[in-house]
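Worksheet: the structure to be examined is printed underneath.
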Amino acid sequence: MSEECNECLVTLLDPRSPAAEQYRSLKAHLMGEAETRLINTFLVTSTIRGEGKTTTACNIGVTLANNPQHSVLIIDGDMRIPSVHKMFGIKYEKGLIEYLRGEADLDSLLVPTHLDNLFILPAGEPCSNPSELLASPRMRDLIKNEEAKGKGHYLIIDSPPIISTTDSRILSGYAGGVILVVQSGKTPIDIINHGLSLLKNAQILGVVLNNISGISPYYPYNYSYAYGYAEYSK
Numbered sequence: 101m102s103e104e105c106n107e108c109l110v111t112l113l114d115p116r117s118p119a120a121e122q123y124r125s126l127k128a129h130l131m132g133e134a135e136t137r138l139i140n141t142f143l144v145t146s147t148i149r150g151e152g153k154t155t156t157a158c159n160i161g162v163t164l165a166n167n168p169q170h171s172v173l174i175i176d177g178d179m180r181i182p183s184v185h186k187m188f189g190i191k192y193e194k195g196l197i198e199y200l201r202g203e204a205d206l207d208s209l210l211v212p213t214h215l216d217n218l219f220i221l222p223a224g225e226p227c228s229n230p231s232e233l234l235a236s237p238r239m240r241d242l243i244k245n246e247e248a249k250g251k252g253h254y255l256i257i258d259s260p261p262i263i264s265t266t267d268s269r270i271l272s273g274y275a276g277g278v279i280l281v282v283q284s285g286k287t288p289i290d291i292i293n294h295g296l297s298l299l300k301n302a303q304i305l306g307v308v309l310n311n312i313s314g315i316s317p318y319y320p321y322n323y324s325y326a327y328g329y330a331e332y333s334k
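Residue numbers for the sequence shown, in my numbering: 101 to 334.
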């Protein structure tokens with residue numbers, strides 16, 4: 101790696117921490133969903149920026165890859181403001197954008213990480229309007245090919261916030277399940293519910309609440325990290 105990992109990648113840098121343990125609990129839940137629903141592709145998104153979707157996606161990827169029998173690919177689908185490469189301290193020149201444009205083959209774009217069975221497909225050159233590329237048959241086929249690798253292979257897609265663009269709604273139609281990340285005390289309940297409504301045609305597996313300390317006026321949890329799914333109400 102050319103740079104150090106971001107300190108938020110606790111599952112790699114501080115695997116004995118309480119936060120890392122909570123990510124492992126989330127991974128166990130997702131593996132249960134994968135077995136029950138026969139899925140292996142997960143989309144991670146949020147309603148607005150700054151809620152921790154990329155942190156969550158990358159930590160899920162690491163926990164899955166901690167099992168040497170698994171193979172994991174994290175795709176940075178947030179081509180407007182990509183961040184996955186920063187989490188792993190990766191420098192790159194090409195990525196998903198170039199693949200979708202037909203300018204490069206997939207294998208040449210995959211970037212190795214600190215774990216032998218975990219690879220990153222970076223976003224590529226920043227793109228101001230990637231929706232058309234994300235809706236292309238090439239993107240759909242990419243995800244279908246990953247799904248076809250079957251049991252033991254997992255695809256994690258870090259996608260843009262739901263409300264600001266249509267990108268996540270496009271990608272959610274390809275993924276086996278969607279995880280919505282919410283930062284406690286930051287996002288109003290009506291915004292969360294609006295985000296969920298935009299994903300009504302997707303398979304929502306749950307809502308991850310992070311950065312929780314004390315009793316939040318928004319959410320009925322009082323610990324640092326929580327996982328569950330319910331429609332929020334005032």
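Beta carbons are placed, not taken as given, at the ideal position from N, Cα and C, and that holds for glycine.
Note down the Cα distance separating residue i from residue j, rounded to an integer number of angstroms.
i: Arg201; j: Asp176; result: 16 Å
i: Ala275; j: Arg116; result: 31 Å
i: Ala128; j: Leu209; result: 29 Å
i: Val144; j: Ile190; result: 20 Å
i: Pro237; j: Cys158; result: 26 Å
i: Thr155; j: Glu225; result: 21 Å
i: Ser171; j: Asp207; result: 14 Å
i: Ala119; j: Asn310; result: 10 Å
i: Met179; j: Tyr199; result: 12 Å
i: Ala165; j: Leu215; result: 7 Å
i: Leu196; j: Asn293; result: 30 Å
Going by the beta-carbon positions, is the gap between residue i and residue j smaller than 9 Å?
i: Leu305; j: Ile263; result: no
i: Val162; j: Leu218; result: yes
i: Glu247; j: Ile174; result: no
For residue i, write down the residues that DSSP places opposite it in a beta bridge.
i: Ser171; result: His253
i: Thr145; result: Leu280
i: Leu218; result: Val172
i: Gly306; result: Ile279
i: Pro212; result: Phe219
i: Asp258; result: Val144 and Asp176
Taking the alpha carbon of residue i as the reference point, which residue from the options has its own alpha carbon closest?
i: Leu299; options: Ser183, Gly252, Asp216 and Ser146; result: Ser146
i: Asp258; options: Cys105, Ser171, Lys186 and Arg124; result: Lys186
i: Leu242; options: Leu221, Gly150, Lys194 and Pro230; result: Leu221
i: Arg269; options: Ala302, Phe188 and Pro118; result: Ala302
i: Leu255; options: Leu271, Asp267, Pro261 and Thr265; result: Leu271
Counting only C-beta atoms, is residue i closer than 9 Å to chain C at any point?
i: Ala157; result: Going by chain labels, chain C is absent from the structure shown, which holds only one protein chain.
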